[in-house]
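Engineer: Count along the sequence shown from 1, then add 29; that gives the number in the working numbering. Just so it is clear, CB atoms sit at the ideal spot from N, CA and C, and this is done for glycine as well.
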Amino acid sequence: KPRVPSYNTMMQLYTHTKPDRERVLYYYNALREASVQPTAHTYKACHYSRLLIDAYGSIEPVDLPAMQKVFDDLVADRNVSVQGTHWAALINAWGCVQKDLDQALAIFDSIAAHRSTTSHSSPMPDAVVYEALINSLVTVRQMDLIPTCLQRLRASGVHMTAYIANLLIKGYASVGEIERSREIFESLQDPLEGVAAPHNHTLH
30 KPRVPSYNTM MQLYTHTKPD RERVLYYYNA LREASVQPTA HTYKACHYSR LLIDAYGSIE
90 PVDLPAMQKV FDDLVADRNV SVQGTHWAAL INAWGCVQKD LDQALAIFDS IAAHRSTTSH
150 SSPMPDAVVY EALINSLVTV RQMDLIPTCL QRLRASGVHM TAYIANLLIK GYASVGEIER
210 SREIFESLQD PLEGVAAPHN HTLH
């Protein structure tokens with residue numbers, strides 16, 4: 030009998046590697062029918078929700094109402110908590126896929142006062158959310174908004190990650206600001222031997 034990691038792997042495969050929403054939903058429904066409840070552990074429930082948000086928000090044809098319903102159901106579920114990855118998935122769908130920066134920014138600005146955030150033990154937005162926002166700015170080539178975004182990041186105590194730095198290098202290069210890209214690259218410090226880059230997080 031397949032265990033949770035098996036379903037998880039297949040859902041990830043058809044969400045990010047070989048995008049096919051029908052197959053994502055097939056394995057999600059198979060998981061539910063097998064009585065392998067994703068709500069058994071908070072992390073697993075949150076992870077499945079992120080995959081479903083991505084499946085509806087990033088795989089064509091995008092289904093934004095279905096994506097929002099997954100998020101709303103997550104917010105309503107007292108057994109799990111809304112995490113940065115979920116907000117990041119929404120911002121990615123609107124900013125990077127739909128190219129609707131206004132909506133992506135509106136979602137980002139709503140996070141701090143959202144009822145799921147006020148009861149959250151960790152501060153939001155976190156680094157993952159900032160990555161999604163910066164990726165959206167880079168995607169729509171609105172690099173003029175980057176300095177303000179970085180000011181907010183620093184003011185909130187969120188550390189710069191290598192992922193954010195890579196996005197900035199790519200973004201500035203894409204608009205011809207090669208010197209800005211070089212400055213960011215040269216500002217990065219190599220971690221100590223045998224130590225991962227500081228402030229990075231698990232890939233999502």
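1) Tell me which residues share the same chain as Ala-161 and place their Cβ nearer than 6 Å to its Cβ, disregarding the 5 neighbours each side in the sequence.
2) CB Leu-174 to CB Ala-194, shorter than 9 Å?
3) Within the continuous alpha helix (DSSP H) that includes Glu-215, where are the two ends?
4) Nearest to Glu-215 by alpha carbon, out of Ser-203, Ile-198, Glu-206 and Gly-205?
5) Is it the case that the Cβ atoms of Pro-154 and Ile-163 are separated by a distance below 9 Å?
6) Report buried or exposed for Gln-112, applying the criterion of at least 16 other Cβ atoms within 10 angstroms of its Cβ.
7) In whole angstroms, give me the CA-to-CA distance for Gly-86 and Ala-135.
8) Are Val-187 and Ala-156 touching if we call contact CB-CB under 9 Å?
9) Under a Cβ-count criterion, where at least 16 other Cβ atoms within 10 Å of its own Cβ denotes burial, should Ser-165 be classed as buried or exposed?
10) Quick one: grab the DSSP three-state call for Lys-47.
11) Run the CB neighbour count on Gly-124, radius 10 Å, all protein chains shown included, and call it buried at 16 or more, exposed below.
12) DSSP state of Ile-88, grouped into three classes?
13) Have a look at Asp-106, Val-109 and Arg-79 and flag the residue whose alpha-carbon is nearest the alpha-carbon of Met-96.
14) Spatial neighbours of Arg-50 within its chain, please: CB distance less than 6 Å, with the 5 preceding and 5 following residues excluded, ordered by chain position.
15) Could you check how far apart the C-beta atoms of Tyr-43 and Arg-52 are, in whole angstroms? I think they sit under 8 Å.
16) List the endpoints of the continuous alpha helix (DSSP H) containing Trp-116.
Structural biologist: In short:
1) Counting from one through the sequence shown, the residue named residue 161 turns up at place 132. Within the same chain, Ala-161 has close Cβ partners Ala-117, Ile-120 and Asn-121.
2) By 1-based counting over the sequence shown, the position of residue 174 is 145. By 1-based counting over the sequence shown, the position of residue 194 is 165. Taking a C-beta distance under 9 Å as the contact criterion, Leu-174 and Ala-194 do not qualify as a contact pair.
3) What you label residue 215 is simply residue 186 of the sequence shown in a count that begins at 1. Counting along the chain, the alpha helix (DSSP H) containing Glu-215 begins and ends at 207–216.
4) Here the question's residue 215 lines up with position 186 in the sequence shown. Nearest to Glu-215 by C-alpha distance, out of Ser-203, Ile-198, Glu-206 and Gly-205, is Ile-198.
5) Within the sequence shown, numbered from 1, the residue matching residue 154 stands at position 125. Within the sequence shown, numbered from 1, the residue matching residue 163 stands at position 134. With contacts defined by Cβ atoms closer than 9 Å, Pro-154 and Ile-163 do not form a contacting pair.
6) Counting from one through the sequence shown, the residue named residue 112 turns up at place 83. When all chains shown are included, Gln-112 counts as buried.
7) Residue mapping note: residue 86 aligns to position 57 of the sequence shown, counting from 1. Residue mapping note: residue 135 aligns to position 106 of the sequence shown, counting from 1. Their backbone Cα atoms lie some 17 Å apart in a straight line.
8) For the purposes of this step, residue 187 is identified with residue 158 of the sequence shown, where counting begins at 1. For the purposes of this step, residue 156 is identified with residue 127 of the sequence shown, where counting begins at 1. It is a contact, given that the beta carbons lie within the stated cut-off.
9) Here residue 165 is taken as the residue at index 136 of the sequence shown, counted from 1. With at least 16 other beta carbons inside 10 angstroms of its own, Ser-165 counts as buried.
10) Along the sequence shown, read from residue 1 onward, the residue named residue 47 stands at position 18. Correct three-state label for Lys-47: coil.
11) Residue 124 sits at position 95 when you count from the first residue of the sequence shown. Counting Cβ neighbours within 10 Å, Gly-124 comes out buried, since at least 16 surround it.
12) Taking the sequence shown and counting its residues from 1, one reaches residue 88 at position 59. Of the three classes helix, strand and coil, the one that applies to Ile-88 here is coil, per DSSP.
13) Taking the first residue of the sequence shown as 1, we reach residue 96 at position 67. The option with the nearest alpha carbon to Met-96 is Arg-79.
14) Within the sequence shown, residue 50 is the residue found at index 21, counting from 1. These residues qualify, in order along the chain: Ala-84 and Ile-88.
15) Along the sequence shown, one-based indexing puts residue 43 at 14. Along the sequence shown, one-based indexing puts residue 52 at 23. Their Cβ separation, rounded to whole angstroms, is 4 Å, which keeps Tyr-43 and Arg-52 in contact under 8 Å.
16) For the purposes of this step, residue 116 is taken as the residue at position 87 of the sequence shown. Start and end: 113–121.
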